[in-house]
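Visitor: Here's a structure for you.
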Amino acid sequence: MRVLGIIITTAFDINAMKFSAIALSILSTLAPFVAATPDPNQPAYVGYATLNGGTSGGIGGATTTVTSLAALRTAVADDVARVVIVAAGTYSGNEVIKVGANKSIIGASPGPSLVGVGLRVLEKSNVIIRNLKISKVLADVGDVIGVQGVTVKNVWIDQCDLSNDMDHSKDYYDGLLDITHGVQYVSVTYTKFHDHWKGSLVGHSDNNASEDTVITVTYAYNSWSNINSRMPSFRFGRGHVFNSYFLNSGDGINTRQGAKLLVENNVFSGVKKPVFEDGGCATVQNNENAIPNTAPSCGTLTMPYGYSLLSLSSVVSHVTTNAGAH
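Residue numbers in the sequence shown follow our numbering, run continuously in steps of one, and reach 1283 at the last position.
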């Protein structure tokens, strides 16, 4: 196995870990290598979604393949453990499909397209969403992917391609990925965010500290391009953004309302405001072109999980090759 360009980081909160430091470090070295078709039996292996017992989705349940929106809607509606394979093709509509607990939704290679059809994880836990292309979800329908609710724990979004367009006003569509109302233990990995006004919002509103202070989200190995703002915009809670590529965009990582972010080993190119604050802080270390950075430092921040860091020289090629649906 290739391990060139990887730095193993061993910052652990032992009380929060379910695996030994050695085992998790070995697992973390697998993070930078993505298979074209995701393994339906792969639990989350990066970031916050590995904590709290881990994120297994529908692993252990029945596997079903769907070829229509109606079948997808039915297959993900309940809370019974199930792996749902979405067959390759284009699925068009004007709706948001609610996802039940204990589900893995996995697009078959080369990644099916949901056009005008979003996904919502509302007050449900233990969900995996991988290898989907989702676009053109209208604002009056909802976000492209929405994860929300104080009871929501353990969600992993991986190898997705999320977009709309910049041809309409900024409110014609809503967010590409919004994580709000106290959600915990979320990882967003190897996902392409592109061609949209509002990328990813974490935290519902400035007045929602009572719910959103507990939010925990990891963003790793993601691609952000032609995004006006929110890459992500993070209120309250704690976040970790690493090994991602930000290209030709406007407002980058925004730490707000007491949020604490660790931002490391990312590459910025043509981003107007790479890191900035509205009442939050960010510990920004070993990034390329993260200037200007107007966020005050949070000081020393460590994550309660082990993880691997690509060298800066490897980030662009690795993310460009591997992020998105395949």
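The beta carbon of each residue, even a glycine, is placed where N, CA and C say it ideally should be.
Return the first residue and the last residue of the beta strand (DSSP E) that Asn-1183 is part of.
Guide: 1180-1186
Visitor: Going by C-alpha to C-alpha distance, which of Val-1078, Asn-1051 and Gly-1068 sits closest to Lys-1060?
Guide: Val-1078
Visitor: With distances taken from CA atoms, which of Ser-1226, Phe-1199 and Phe-1193 is nearest Asp-1208?
Guide: Ser-1226
Visitor: Count the other CB atoms, across all protein chains shown, that sit within 10 Å of the CB of Ile-1054; report buried if there are 16 or more and exposed otherwise.
Guide: buried
Visitor: Is it the case that the Cβ atoms of Val-1272 and Tyr-1176 are separated by a distance below 7 angstroms?
Guide: Contact: no.
Visitor: With 16 as the cutoff for other CB atoms within 10 Å, does Val-1109 come out buried or exposed?
Guide: So Val-1109 ends up on the buried side.
Visitor: Taking C-alpha atoms, which residue in Lys-1230, Thr-1173 and Asn-1244 lies nearest to Thr-1007?
Guide: Distances from the alpha-carbon of Thr-1007 to those of Lys-1230, Thr-1173 and Asn-1244 put Thr-1173 closest.
Visitor: Can you find the residues in the same chain that come closer than 7 angstroms, C-beta to C-beta, to Leu-1219, ignoring five residues on each side of it along the sequence?
Guide: His-1197, Thr-1240, Leu-1258 and Met-1260
Visitor: Using 10 angstroms around the beta-carbon of Val-1037, count the other beta-carbons present and answer buried if the total reaches 16, otherwise exposed.
Guide: exposed
Visitor: Report the rounded CA-to-CA distance for Ala-1247 versus Thr-1212, giving the unit in angstroms.
Guide: 14 angstroms
Visitor: Mind listing, in chain order, the continuous beta strand (DSSP E) runs of no fewer than 3 residues lying wholly within the region 1027-1101?
Guide: 1039-1043, 1047-1055, 1060-1064, 1070-1079, 1084-1087 and 1090-1092
Visitor: Nearest-angstrom Cα distance between Val-1041 and Leu-1134?
Guide: Inter-residue distance for Val-1041 and Leu-1134 is about 21 angstroms (C-alpha atoms, whole angstroms).
Visitor: Compute the beta-carbon to beta-carbon distance between Val-1224 and Ile-1210, rounded to the nearest angstrom, for a pair I have assumed lies under 8 angstroms.
Guide: No, Val-1224 and Ile-1210 are not in contact; Cβ-Cβ is about 13 angstroms, not under 8 angstroms.
Visitor: Leaving out five residues before and five after Met-1123 in sequence, what residues of the same chain have Cβ atoms less than 8 angstroms from its Cβ?
Guide: Asp-1152, His-1153, Trp-1154, Asn-1183 and Asn-1185
Visitor: With a Cβ-Cβ cutoff of 7 angstroms, do Gly-1057 and Ser-1144 count as a contact?
Guide: no
Visitor: In angstroms, rounded to a whole number, what distance separates the CA positions of Leu-1204 and Val-1228?
Guide: 6 angstroms
Visitor: At 4 residues or longer, and completely inside the region 1149-1233: list those alpha helix (DSSP H) runs for me, N to C.
Guide: For the region 1149-1233, the full-length alpha helix (DSSP H) segments reaching 4 residues or more read 1166-1169 along the chain.
Visitor: Going by other Cβ atoms of all chains shown within 10 Å of its Cβ, with 16 needed for buried, is Thr-1022 buried or exposed?
Guide: exposed
Visitor: Can the beta-carbon of Arg-1195 be found less than 7 angstroms from the beta-carbon of Ser-1157?
Guide: no
Visitor: In whole angstroms, what separates the C-alpha of Ile-1063 from that of Glu-1052?
Guide: 19 angstroms
Visitor: Cutting at 6 angstroms between CB atoms, please list the residues of its own chain near Ser-1180, excluding the five before and the five after it.
Guide: In the same chain as Ser-1180, and ignoring 5 residues on each side of it, the C-beta atoms closer than 6 angstroms to its own belong to Lys-1149, Tyr-1202, Val-1276 and Ala-1280, in chain order.
Visitor: Check whether the Cβ atoms of Gly-1068 and Ala-1282 lie closer than 7 angstroms to each other.
Guide: yes
Visitor: Please say whether Glu-1245 and Leu-1267 have beta carbons closer to each other than 7 angstroms?
Guide: Not a contact, by the Cβ cut-off of 7 angstroms.
Visitor: State yes or no: is the C-beta of Asp-1100 within less than 7 angstroms of the C-beta of Gly-1132?
Guide: yes
Visitor: Does the separation of the CB atoms of Ala-1044 and Ala-1027 fall below 7 angstroms?
Guide: no
Visitor: In this structure, does DSSP put Ala-1252 in helix, strand or coil?
Guide: It is coil, neither helix nor strand.
Visitor: For Pro-1249 and Leu-1089, I'd like the C-alpha separation in whole angstroms.
Guide: 34 angstroms
Visitor: Kindly give me the distance between the Cβ atoms of Arg-1039 and Gly-1015, rounded to whole angstroms, as I take these residues to be in contact under 8 angstroms.
Guide: 4 angstroms
Visitor: For Ala-1284, does the three-state DSSP call read helix, strand or coil?
Guide: The structure shown has nothing for residue 1284, since the chain only spans 958 to 1283.
Visitor: Would you mind reading off the limits of the beta strand (DSSP E) that contains Ser-1144?
Guide: 1141-1146
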